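Shown next, in structure tokens, is the structure this report addresses.
Rendered as structure tokens:
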């Protein structure tokens, strides 16, 4: 496992640093998912690296919580920082679950995954990059509205792709057990998409309080 | 789309007005679901009107949030008003999902839907009418206990109908793919039923604080 | 139905007493589940006793809420007590659902349930006993960290068993409808496991505030 080190300096920057690092780690996660969804991916290697991403995020979150508990002053409400950390963690958990289920259910041995599943992975990757680009804006409270509006738009797009994916899964193209397996993966993709929106909702809450 | 206009007057009545309008809009939603569940319904037209109901509710909720943010004084806790708005929105989202899934999965072309599904729609319609009748009571804080007790009773009835619906779905009467489609619809019906209860729980919280 | 009587004395001990009684009632629940999962269990009798456990818990929770509302002083934050009561109630609801679904879907007439399902029941029983042993520690705020660390570890173990259960269910060993029925039961087992963790998270929150 690659070690993640987050220096917690006595000033507040460590909080912003956490959000930046966590979001960059999440981009690693969606890149791995994109790789995994490709035909002939080295499935075992990729899903092991996804588990690493999850462990790295756990380590980051743990440091964040320690930092919250040991700080007299925090840049914004303690509970909002806590929630943001926990919601970034949820994103990673769902990304890891997608990888593990694709692997455990043997779905990556199919000639190809449904087109709508690729669409959902692409949307998650866009949400991840947007989040990584925008969270550093928490420091100066800049550019955040564009972020949450766009993140919400992507979540709506993800919802549509999810609905269309289910229509395809239930169309008779696959046998019942394959449908059930893919449905589990689809649900995790959709939960990841929602989880990104929860992050952006919390950023909105913080920005509204600060304004 | 029919335009919904909510005048936000400088006094507090606009909040009560919002809840009344949102609840009346929800009654439109459950009426449309009742129509949709009938054999030979004009499925496309009804589900389009359900989408309108959802858009109208989004507009109402948006106005409510603006109103909360621009008010110095609110008739009860800001966060409770926010939560009530968001929970009424959840109800509508689940009702719209029921309509869309019935349509997208082609379930309305079946000779008939399972009896327990009709029961669930009827319970939702009762919850909607009860909510529309009761929310105006927030102004004078009257008749609210009867509302939340009855809404809870209806939710329990919905739970029982949901369980019996699953027993029927898994009984072998339908093929596996049809069961999976109907299960998705059943889950949205059950979520709508729960969402009504969440509304009534928040009303209870508000009433207890005020008493 | 066996009557549960919780004397609410004027001092604070009644709160601790509630948590102890609720946790002991939950142990009754997981014992019944263990019995139910055995071949040749008297299914109807056991699932009726599970419903009793649920009713007893409802009565306990109701008394707790009355007690919270009628107390000027509470041993820790009112909302944390409320949440703990409600989360213990969630555990019981999921345990009762497991029993009812096994019975309603006729799964107990199978020669045996999948090994991973027995594992999940065993984990729930461990979580229940751990909770019953640890909650009395709330009074002196002792031994609680070991509790939440261990409860979390058990939840992770439950997650692994759940994933492996789904892999087995989707392996082709069972027909599609049986898979769907067992999936419903598996989801309730997993939700119960999570619900125990939510209880321990709230205990952690309380302990951190008090420290």
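Chains as they are written, first to last, in the numbering used here: chain A, 23 to 233; chain B, 23 to 233; chain C, 23 to 233.
Beta carbons: idealized from backbone N, C-alpha and C, even for Gly.
Treat the numbers as computed from the prediction; the structure is a model and nothing was measured.
Rounded C-alpha distance that separates residue 228 of chain C from residue 86 of chain C:
Here residue 228 of chain C corresponds to residue number 206 of the third chain, with the count starting at 1. Here residue 86 of chain C corresponds to residue number 64 of the third chain, with the count starting at 1. The alpha-carbon separation between residue 228 of chain C and residue 86 of chain C amounts to approximately 17 Å.
For residue 202 of chain B, name the three-state secondary structure that DSSP assigns.
Counting from one through the second chain, the residue named residue 202 of chain B turns up at place 180. Here residue 202 of chain B sits in helix by DSSP.
On the premise that residue 69 of chain C lies in contact with residue 58 of chain C, defined as a C-beta separation below 8 Å, what is that separation, rounded to the nearest angstrom?
The count along the third chain starts at 1 and reaches residue 58 of chain C at position 36. The count along the third chain starts at 1 and reaches residue 69 of chain C at position 47. Their Cβ separation, rounded to whole angstroms, is 7 Å, which keeps residue 58 of chain C and residue 69 of chain C in contact under 8 Å.
Local conformation of residue 127 of chain B per DSSP, three classes:
Taking the second chain and counting its residues from 1, one reaches residue 127 of chain B at position 105. For residue 127 of chain B, the secondary structure class from DSSP, reduced to helix, strand or coil, is coil.
Kindly indicate which residue of A:232, A:233, A:52, A:41 has the alpha-carbon position closest to the one of residue 141 of chain A.
Position 119 of the first chain holds residue 141 of chain A. It is A:52 whose Cα lies nearest to the Cα of residue 141 of chain A.
Just the chain A side, please: which residues come within less than 8 Å of residue 180 of chain C by C-beta, in chain order?
In the third chain, the residue the question calls residue 180 of chain C occupies position 158. Ordered by position in chain A, no residue passes the 8 Å Cβ test against residue 180 of chain C, which lies about 15 Å from the chain.
How about residue 211 of chain B and residue 146 of chain B: are their beta carbons less than 8 Å apart?
On the second chain, residue 211 of chain B is found 189 positions in, with the first residue counted as 1. On the second chain, residue 146 of chain B is found 124 positions in, with the first residue counted as 1. Yes, the Cβ-Cβ distance between residue 211 of chain B and residue 146 of chain B is below 8 Å.
Who are the near neighbours of residue 103 of chain B in its chain, counting only those whose CB is closer than 7 Å to its CB and skipping five residues on each side?
Translated into the one-based positions of the second chain, residue 103 of chain B becomes position 81. The residues are 37, 90, 96.
In its own chain, which residues sit with a C-beta less than 6 Å from the C-beta of residue 107 of chain C, not counting the 5 before and 5 after it?
Within the third chain, residue 107 of chain C is the residue found at index 85, counting from 1. For residue 107 of chain C, where only same-chain residues beyond five positions count, the Cβ hits under 6 Å are 83, 86.
Relative to the alpha-carbon of residue 187 of chain A, which residue among A:139, A:62, A:166, A:43 has its alpha-carbon at the smallest distance?
Position 165 of the first chain, counted from the start, is the residue given in the question as residue 187 of chain A. Relative to the Cα of residue 187 of chain A, the nearest Cα in the group A:139, A:62, A:166, A:43 belongs to A:139.
Beta-carbon spacing of residue 189 of chain A, residue 127 of chain B below 8 Å
Position 167 of the first chain, counted from the first residue, corresponds to residue 189 of chain A. Position 105 of the second chain, counted from the first residue, corresponds to residue 127 of chain B. Yes. Within cutoff.
Pairwise C-alpha distance: residue 161 of chain C and residue 208 of chain A:
The residue given as residue 208 of chain A occupies position 186 in the first chain. The residue given as residue 161 of chain C occupies position 139 in the third chain. So the alpha carbons of these two residues sit roughly 45 Å apart.
Where residue 179 of chain B and residue 75 of chain A are concerned, what is the direct C-alpha to C-alpha distance, given to the nearest angstrom?
As a working mapping, residue 179 of chain B is identified with position 157 in the second chain. As a working mapping, residue 75 of chain A is identified with position 53 in the first chain. Roughly 44 Å between the two C-alpha positions.
Where residue 186 of chain A falls: helix, strand or coil (DSSP)
For the purposes of this step, residue 186 of chain A is taken as residue 164 along the first chain, with counting starting at 1. Helix, per DSSP.
Contacting residues, own chain, Cβ-Cβ under 6 Å from residue 71 of chain B (five flanking each side not counted):
One-based indexing of the second chain puts residue 71 of chain B at position 49. The answer, listed in chain order, is 54.
Residue 32 of chain B: buried (16+ other C-beta within 10 angstroms of its C-beta) or exposed?
Counting from 1 along the second chain, the entry for residue 32 of chain B is found at position 10. Low local confidence applies: a pLDDT of 44 at residue 32 of chain B is under 50, so the model's placement there is unreliable, with the coordinate-based value given in what follows. Classification for residue 32 of chain B: exposed.
Among the candidates A:159, A:198, A:203, whose CA atom is the shortest distance from the CA of residue 131 of chain A?
As a working mapping, residue 131 of chain A is identified with position 109 in the first chain. Minimum Cα distance to residue 131 of chain A is reached at A:203.
So, does the CB of residue 143 of chain B fall closer than 8 Å to a CB anywhere in chain C?
Position 121 of the second chain, counting from 1, holds the residue named residue 143 of chain B. No, because no Cβ of chain C sits closer than 8 Å to the Cβ of residue 143 of chain B.
Starting from the C-beta of residue 148 of chain A, find all residues in its chain whose C-beta is less than 7 Å away, skip the five residues before and the five after it, and write them out in chain order.
Residue numbering aside, residue 148 of chain A sits at position 126 when the first chain is read from its first letter. So the list reads 176, once near-sequence residues are dropped.
Residues in the same chain with beta-carbon distance under 7 Å from residue 206 of chain A, minus the five sequence neighbours each way, listed in chain order, please.
The residue given as residue 206 of chain A occupies position 184 in the first chain. If we look at residue 206 of chain A and ignore the five residues flanking it on each side, its Cβ neighbours are 123.
Who are the near neighbours of residue 35 of chain B in its chain, counting only those whose CB is closer than 7 Å to its CB and skipping five residues on each side?
Here residue 35 of chain B corresponds to residue number 13 of the second chain, with the count starting at 1. Result list for residue 35 of chain B: empty, nothing under 7 Å.
Using 8 Å for Cβ pairs, my map puts residue 48 of chain C next to residue 154 of chain C. What's the rounded Cβ distance?
As a working note, residue 48 of chain C is residue 26 in the third chain. As a working note, residue 154 of chain C is residue 132 in the third chain. Between residue 154 of chain C and residue 48 of chain C the Cβ distance is about 7 Å, and since that is below 8 Å, they are a contact.
When you compare the CB of residue 189 of chain A with every CB in chain B, is at least one pair closer than 8 Å?
Along the first chain, read from residue 1 onward, the residue named residue 189 of chain A stands at position 167. At least one chain B Cβ lies under 8 Å of residue 189 of chain A.
Any beta carbon from chain C within less than 8 Å of residue 127 of chain A's own beta carbon?
Looking up residue 127 of chain A in the first chain gives position 105. Closer than 8 Å to some Cβ of chain C, the Cβ of residue 127 of chain A qualifies, so yes.
Cβ pair residue 221 of chain C, residue 65 of chain C closer than 8 Å
Position 199 of the third chain, counted from the first residue, corresponds to residue 221 of chain C. Position 43 of the third chain, counted from the first residue, corresponds to residue 65 of chain C. No. Outside cutoff.
Counting only the same chain and skipping the five closest in sequence on each side, list residues whose C-beta sits under 7 Å from that of residue 163 of chain B.
The residue you call residue 163 of chain B lines up with position 141 of the second chain. Apart from sequence neighbours up to five positions away, the residues of its chain that approach residue 163 of chain B with a beta-carbon distance below 7 Å are 229, 232, ordered along the chain.
Can you tell me the Cα-Cα spacing of residue 43 of chain C and residue 201 of chain B, whole angstroms?
Against the third chain, residue 43 of chain C aligns to sequence position 21. Against the second chain, residue 201 of chain B aligns to sequence position 179. Computed Cα separation, rounded: 41 Å.
Write down every uninterrupted run of the alpha helix (DSSP H) in the segment 52-109 of chain B whose length is 4 residues or greater and which is fully enclosed by it, in chain order.
65-91
From B:192, B:45, B:136, pick the residue whose C-alpha is nearest to that of residue 61 of chain B; which is it?
Taking the second chain and counting its residues from 1, the one referred to as residue 61 of chain B is at position 39. The residue with the shortest Cα to Cα distance from residue 61 of chain B is B:136.
Given that residue 165 of chain A touches chain B, what residues does it touch there, using C-beta distances under 8 Å?
Position 143 of the first chain holds residue 165 of chain A. The premise fails here: residue 165 of chain A is roughly 20 Å from chain B at the closest Cβ pair, so nothing lies under 8 Å.
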